[in-house]
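Visitor: Going by the working numbering, the sequence shown opens with residue 1341, and the numbers climb by one from there. Beta carbons: idealized from backbone N, C-alpha and C, even for Gly.
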Amino acid sequence: MPVTFLTGTAETQKEELIKKLLKDGNVEYIRIHPEDPDKIDFIRSLLRTKTIFSNKTIIDIVNFDEWKAQEQKRLVELLKNVPEDVHIFIRSQKTGGKGVALELPKPWETDKWLEWIEKRFRENGLLIDKDALQLFFSKVGTNDLIIEREIEKLKAYSEDKKITVEDVEEVVFTYQTPGYDDFCFAVSEGKRKIAHSLLSQLWKTTEPVVIATVLANHFLDLFKILVLVTKKRYYTWPDVSRVSKELGIPVPRVARFLGFSFKTWKFKVINHLLYYDVKKVRKILRDLYDLDRAVKSEEDPKPFFHEFIEEVALDVYSLQRDEE
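1. Straight-line CA distance for Glu1455 to Asp1381?
2. When DSSP builds the beta bridges, which residues end up paired with Asp1400?
3. Find out if the Cβ-Cβ distance for the pair Val1508, Phe1559 is shorter than 8 Å.
4. Within the same chain, show all residues whose beta-carbon is closer than 8 Å to that of Leu1361, passing over the 5 residues directly before and after it, in chain order.
5. So, for Tyr1497: in the same chain, excluding its five sequence neighbours on each side, which residues have a beta-carbon less than 6 Å away from its beta-carbon?
6. Find out if the Cβ-Cβ distance for the pair Gly1530, Ala1653 is shorter than 8 Å.
7. How about Leu1467 and Lys1501: do their beta carbons lie closer than 8 Å?
8. Please report the residue range of the beta strand (DSSP E) in which Phe1345 lies.
9. For Val1505 and Lys1479, I'd like the C-alpha separation in whole angstroms.
10. Rounded to whole angstroms, how far is the Cβ of Ser1528 from the Cβ of Leu1568, which I believe are closer than 8 Å?
11. Using the Cβ count rule (16 or more neighbours within 10 Å means buried), how would you classify His1612?
12. Output yes or no for whether 8 Å exceeds the beta carbon distance between Ile1383 and Ile1430.
13. For Phe1345, count the other beta carbons within 10 Å of its own beta carbon; 16 or more makes it buried, fewer makes it exposed. Which is it?
14. So, Ser1682 versus Phe1404, is the Cβ gap smaller than 8 Å?
15. Within 10 angstroms of its Cβ, does Thr1349 collect 16 or more other Cβ (buried), or is it exposed?
16. Measuring CA to CA, which of Asp1632, Pro1641, Ile1487 and Asn1395 is closest to Glu1424?
17. Is Pro1643 buried or exposed, if buried means 16 or more other CB atoms sit within 10 Å of its CB?
18. Measuring straight from C-alpha to C-alpha, what distance separates Leu1566 and Ile1503?
19. Can you look up Ala1653 in the DSSP assignment and give me helix, strand or coil?
20. If I measure Cβ to Cβ from Arg1414 and keep anything under 8 Å in the same chain, skipping five residues before and after, which residues do I get?
21. Ignoring anything shorter than 4 residues, give me the alpha helix (DSSP H) runs that lie fully in the region 1435 to 1477, in order along the chain.
22. My guess is that Gly1599 and Val1609 are in contact by the Cβ rule of under 8 Å, so how many angstroms apart are they, rounded?
23. Measure the beta-carbon distance from Ala1535 to Ile1649 and round it to whole angstroms, keeping in mind my assumption that it falls under 8 Å.
24. If I'm right that Pro1641 touches Pro1548 with Cβ under 8 Å, what's the distance once you round it to whole angstroms?
25. By DSSP, does Leu1598 sit in helix, in strand, or in coil?
26. Note the first and the last residue of the continuous alpha helix (DSSP H) segment covering Asn1483.
27. According to DSSP, simplified to helix, strand and coil, what is Lys1502?
28. Taking Ala1472 as the reference, which of Val1422, Ile1457 and Gly1465 has the closest Cα?
Rendered as structure tokens:
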């Protein structure tokens, strides 16, 4: 049956797969959106009127998850009889046993995202150095459609097809969507009100165990930096780059931990090494272990997260007040 479900989160790859089939100029392409009126009747009429003299037709059904349940059932029934010269693609974010699964890395899998983005640069004929790649990721995040758009901007901008930190700073827009890093740094930088607010936003879409995991990874990165780096009040770009390469931690995260701010950052950063030591972070990691256990055993673990924020962020906030 010429019907293919395109499942998973990789929207750009779904788009590319369909575009490959459109290279044949004799193909008629029709895109169906959730808000289109009478879409079921339109598809039924189209399938009935196809003849052996018609061009090949691709029907691209986007955002199928947004269709009403009854509409989805009616479409599935309709697709039991599809002419051979019609190919229907159904795009869904859900994953299942049927169809072509096109998945992106999980939001917290930073290393996999960096590999994925670097591959997209290569496929667009561009080379990007590691520092520029990490800065790009910190500005753009994990939306593959936005990633693709910003890569296209860099492709048009770059003359030698080698992307540098300066290119990313100059061209790439910073998308201000709260994510895991925003939340974790709000905690470790003592921004209590922001941390509580971001937790409430994350809670709507993210499993508690994931939030506990990203917090643990955040403070584990800080622990590694404390062990490796000699404490001083100010750090330079060469310091940031060296630590990033030695520890394998993305440049933007190292920069923020060390209090080094990029020109495009509109928020205040602090040098964590002035407020944390190995002993303090060891205790925080033990507390996060207890938090993880609470997540897995308590019916409502949210109060434990707010308590953790208060304990860690308030301590840093108080130290900053003492300096003033």
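Guide: So, from the data block:
1. 44 Å
2. Arg1371 and Phe1429
3. no
4. Val1367, Ile1398 and His1427
5. Val1511
6. yes
7. yes
8. Val1343 to Thr1347
9. 12 Å
10. Incorrect: roughly 17 Å between the Cβ atoms, too far for contact.
11. buried
12. no
13. buried
14. Look at the range of the chain in this structure, 1341 to 1664, and you will see that residue 1682 is not part of it.
15. buried
16. Asn1395
17. exposed
18. 31 Å
19. helix
20. Ile1380
21. 1450 to 1463
22. 5 Å
23. 5 Å
24. 5 Å
25. strand
26. It is not in any alpha helix (DSSP H) - Asn1483 carries neither H nor E in the DSSP assignment.
27. strand
28. Ile1457
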